[in-house]
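Engineer: Residue numbers (this note's numbering): 1 to 566.
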């Protein structure tokens, strides 16, 4: 530590120091006693106005000296250096009867800038002296110093509050702008999503052909893919009425290309051709030729490719409807209860919209043919029931297969329980979606197909070509055996086929004495005469009358028929 000493004081031990007060930090302040000191003027640090030291005295006023140690008033005193608590050296010097201000650091004060006087500067032994401070310039009659303006160095709280407010306002504005940007982004994203969804929905409807004002789904899909190139799965179903007898036949079609299902109703009068060239009807073929033979004959006439046959007896249809939980049908007739014992009993099925049918009522409605109605009326009711069953059946392949297996039906090969279940599940899905319809195959009175009339079903739905037996190729002859000899039917068949005629089996009946050959149209009289000659019957047996079925000529073999003569 560097202790500052006055060079003169160190070399003159006779120099004396006296305590003149304390500085602002509480440290004692000394000064060197002048060699010829007059009466000591005590320093009154607590001098009040008019007594003792006035640090701001401007001169011209006589101050009374106050001695805190009891010295009293000494009167006029010699000139004494005034005390400057800040050590600036700027003071007024009193003369005569005026007392001079006193500097506790031992520096004399003057009215102007004065040089420092070394011998008047008090030092504290073993303690650093006062720090040299630059002399400030006088500004007018007052001295302004940096320490007097403490507010310059203090932080401006108001300024910081303003800055914080500006930052808060700016941050809140940015947050609002960010919220607006996010809201706009969400609105834009929502609009884009809705636009894409709408475009996708319109695109799907356009692809499905369900937009209003556009062509139907069938027209669009058929034009996209030629009817001949479309893939179809087809099975034939025969409904056997086990109580009243008779059958009803329909084709179930699944067009996998156009995603369209159809039930094609086949009238029993449809003319079919056998392998031997003989002609028969659909109803008779089901009874005589069985499922396999009938399926092949239908393929030949309609140009289809049937995958299997479903034999559906009326008890199984009843169980099927009960198993799936009833069906709803828009019925077109009141159907009496077949088990009713009196005529006044309420009908089992009432005519009306959305009639709920149980298994028993569904069978009664599907097989009902009113008095004077054609077979096609009953066939159309069967189609209504089939479509209602498909709408109610499950679309799950495994569930539909389980339903088929639960019925316990005998499935004819090559069709299996699983094949039928999967096939019905696909049709059920189409029926639930509204992509299912029922169509009746138009058949002429003779059982043949008219190309213009049947094209909408045979070509568009089945994708086939009508191949009815050619009327000009062979005369269709229906033979009923009334001779009492069973073998006569077979013998007559051989003779007619060898003669170039088409044979139709008309069954057997009660014995009759004479044979008959009947034609319906006058144009067929010559053909009837030729048939009689081929069978060895007299020309008198030929007559005009009603012809059964779709045959051109009907023959009744009586007891006078002798096969050996033919």
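Built from N, CA and C at the ideal position, the CB exists for glycine as well.
Fair warning: this is a prediction, and the values are worked out from it, not measured in the lab.
Could you tell me the alpha carbon to alpha carbon distance between residue 500 and residue 253, rounded to whole angstroms?
Structural biologist: Roughly 37 Å separates the two Cα atoms.
Engineer: Between the Cα of residue 297 and the Cα atoms of 312, 310, 478 and 280, which residue gives the shortest distance?
Structural biologist: When each option's Cα is compared against that of residue 297, the closest is 280.
Engineer: Within the continuous alpha helix (DSSP H) that includes residue 496, where are the two ends?
Structural biologist: Unbroken alpha helix (DSSP H) run through residue 496: 488-498.
Engineer: May I ask you to report which of helix, strand or coil DSSP gives residue 537?
Structural biologist: If DSSP states are grouped into helix, strand and coil, residue 537 belongs with coil.
Engineer: Give me the residue from 404, 370 and 172 with the minimum Cα distance to residue 423.
Structural biologist: Measuring from the Cα of residue 423, the nearest candidate turns out to be 404.
Engineer: Determine the DSSP secondary structure at residue 556, reduced to helix, strand or coil.
Structural biologist: Strand, per DSSP.
Engineer: Given this structure, state the Cα-to-Cα distance separating residue 492 from residue 516, to the nearest angstrom.
Structural biologist: Roughly 13 Å separates the two Cα atoms.
Engineer: Less than 8 Å between the beta carbons of residue 250 and residue 386, yes or no?
Structural biologist: Yes, these two residues count as a Cβ contact at 8 Å.
Engineer: With 16 as the cutoff for other CB atoms within 10 Å, does residue 295 come out buried or exposed?
Structural biologist: Buried, by the Cβ-count rule.
Engineer: Out of 324, 447 and 375, which has the shortest C-alpha to C-alpha gap to residue 394?
Structural biologist: Nearest C-alpha to residue 394: 324.
Engineer: Assuming residue 447 and residue 271 form a contact by the criterion Cβ under 8 Å, report the distance between their Cβ atoms to the nearest whole angstrom.
Structural biologist: Contact flag correct, Cβ pair sits at about 3 Å.
Engineer: Do residue 337 and residue 345 have their C-beta atoms closer together than 8 Å?
Structural biologist: Yes.
Engineer: Quick check: the Cα distance between residue 559 and residue 504, rounded to an integer number of angstroms?
Structural biologist: For residue 559 and residue 504, the distance between alpha carbons rounds to 20 Å.
Engineer: Select from 494, 316, 317 and 292 the residue whose C-alpha is nearest the C-alpha of residue 307.
Structural biologist: It is 292 whose Cα lies nearest to the Cα of residue 307.
Engineer: Can you have a look at residue 498 and say buried or exposed, based on whether 16 or more other CB atoms are within 10 angstroms of its CB?
Structural biologist: Exposed is the call here.
Engineer: Would you say residue 557 and residue 479 are within 8 Å of each other, going by their C-beta atoms?
Structural biologist: Closer than 8 Å, so yes.
Engineer: Tell me the residue span of the beta strand (DSSP E) that contains residue 328.
Structural biologist: First-last of the beta strand (DSSP E) with residue 328: 327-331.
Engineer: Is it buried or exposed, residue 248, if we count other Cβ atoms within 10 angstroms and call 16 or more buried?
Structural biologist: Residue 248 comes out buried.
Engineer: Touch check for the stretch 255-269 and the stretch 368-386: three-plus C-beta pairs under 8 Å?
Structural biologist: Output reads yes: the stretch 368-386 touches the stretch 255-269.
Engineer: Could you tell me if residue 260 is buried or exposed, where buried requires 16 or more neighbouring beta carbons within 10 angstroms of its beta carbon?
Structural biologist: Residue 260 should be labelled buried.
Engineer: Please list the segments of the alpha helix (DSSP H) lying wholly inside the stretch 336-392, counting only runs of 4 or more residues, in order along the chain.
Structural biologist: As far as the stretch 336-392 is concerned, its whole alpha helix (DSSP H) runs of at least 4 residues are 359-366 and 375-392.
Engineer: For the alpha helix (DSSP H) containing residue 260, list its first residue and its last residue.
Structural biologist: Unbroken run through residue 260 is the beta strand (DSSP E), 260-266; no alpha helix (DSSP H).
Engineer: Could you compute how far the alpha carbon of residue 554 sits from the alpha carbon of residue 368?
Structural biologist: Rounded to whole angstroms, residue 554 to residue 368 spans 30 Å at the Cα level.
Engineer: Residue 229 to residue 512, Cα distance in whole Å?
Structural biologist: Residue 229 and residue 512: Cα-Cα distance of roughly 55 Å.
Engineer: Grab the span of the alpha helix (DSSP H) containing residue 293 for me, first residue to last.
Structural biologist: Residues 290-302.
Engineer: For residue 183 and residue 176, what's the separation of their Cα atoms in angstroms?
Structural biologist: Residue 183 and residue 176: Cα-Cα distance of roughly 10 Å.
Engineer: Taking all protein chains shown into account, do 16 or more other C-beta atoms lie within 10 angstroms of the C-beta of residue 16, making it buried, or fewer, making it exposed?
Structural biologist: It counts as exposed.
Engineer: Using C-beta distances below 6 Å, list every residue in its chain close to residue 390, excluding the 5 sequence neighbours before and after it, in chain order.
Structural biologist: The residues are 427, 428 and 431.
Engineer: Any idea what DSSP makes of residue 256, helix, strand or coil?
Structural biologist: Residue 256 falls in the coil class under three-state DSSP.
Engineer: DSSP three-state label for residue 403, please.
Structural biologist: Looking at residue 403 - three-state DSSP - the assignment turns out to be helix.
Engineer: Compare the C-alpha of residue 371 against each of 358, 349 and 335 and name the closest.
Structural biologist: The shortest Cα separation from residue 371 among 358, 349 and 335 belongs to 335.
Engineer: Give the C-beta separation of residue 567 and residue 563 to the nearest angstrom, bearing in mind that I take them to be a contact with Cβ-Cβ under 8 Å.
Structural biologist: Residue 567 falls outside the range modelled here, since the chain spans only 1 to 566, and no answer is possible.
Engineer: Within 10 angstroms of its Cβ, does residue 543 collect 16 or more other Cβ (buried), or is it exposed?
Structural biologist: Result: exposed.
Engineer: Can you tell me where the beta strand (DSSP E) with residue 324 in it begins and where it stops?
Structural biologist: Not the beta strand (DSSP E): residue 324 falls in the alpha helix (DSSP H), residues 314-324.
Engineer: Residues in the same chain with beta-carbon distance under 8 Å from residue 327, minus the five sequence neighbours each way, listed in chain order, please.
Structural biologist: 321, 356, 357, 362, 385, 388, 389, 391 and 392, listed in sequence order.
Engineer: Suppose you measure from the CA of residue 402 to the CA of residue 421; what does that come to, to the nearest Å?
Structural biologist: Between residue 402 and residue 421, the C-alpha separation is close to 8 Å.
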